[in-house]
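See structure below.
Numbering (the working numbering), first residue to last: 1 to 134.
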């Protein structure tokens, strides 16, 4: 993370400016609360600013990643299929083949929706600040 901060700082010149919109934690399992808390503490220690850390975390789901790749679907498309699928027990009872889709797809899609909402709000806040300063 320090390397990324150094690279960003090195790109700043009189003609160009880079602003850090925020930091979004990704690839963390929902059960890894201590790991996530440690990562958040490291980020705060490095940057010293809570405002940069988005509240949403994009959870890790290998099953969703694989199924999405195999079917050529985005997470929200896979989530729609999961929500519309027949319960496996019903298909089993009726003697139909049951294609099991990862049940975590809707929650992962929800993470992306929440993250997108936070990012858009942050952009709007920064643009409002910039307009107010002008």
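From the three backbone atoms N, C-alpha and C, an ideal C-beta is built for every residue, glycine too.
As the structure is a prediction and not an experimental result, all values here were calculated from the model.
As assigned by DSSP and simplified to three states, the class of residue 178: Residue 178 is absent from the structure shown; the chain starts at 1 and stops at 134.
Return the CA-CA distance between residue 78 and residue 64, expressed in angstroms with no decimal places. 8 angstroms
Residues bridged to residue 69 [DSSP beta-bridge criterion]: Its beta-bridge partners do not exist; DSSP assigns none.
By how many angstroms is the C-alpha of residue 44 removed from the C-alpha of residue 129? Spanning the two alpha carbons is a distance of roughly 23 angstroms.
For residue 150, does the count of other Cβ atoms within 10 angstroms reach 16, so buried, or fall short, so exposed? A query on residue 150 cannot be resolved here, the shown segment of the chain reaching from 1 to 134 and no further.
Kindly indicate which three-state DSSP category residue 132 falls into: helix, strand or coil? helix
When the Cα of residue 87 is compared with those of 66, 6, 100 and 10, which residue comes out closest? 100
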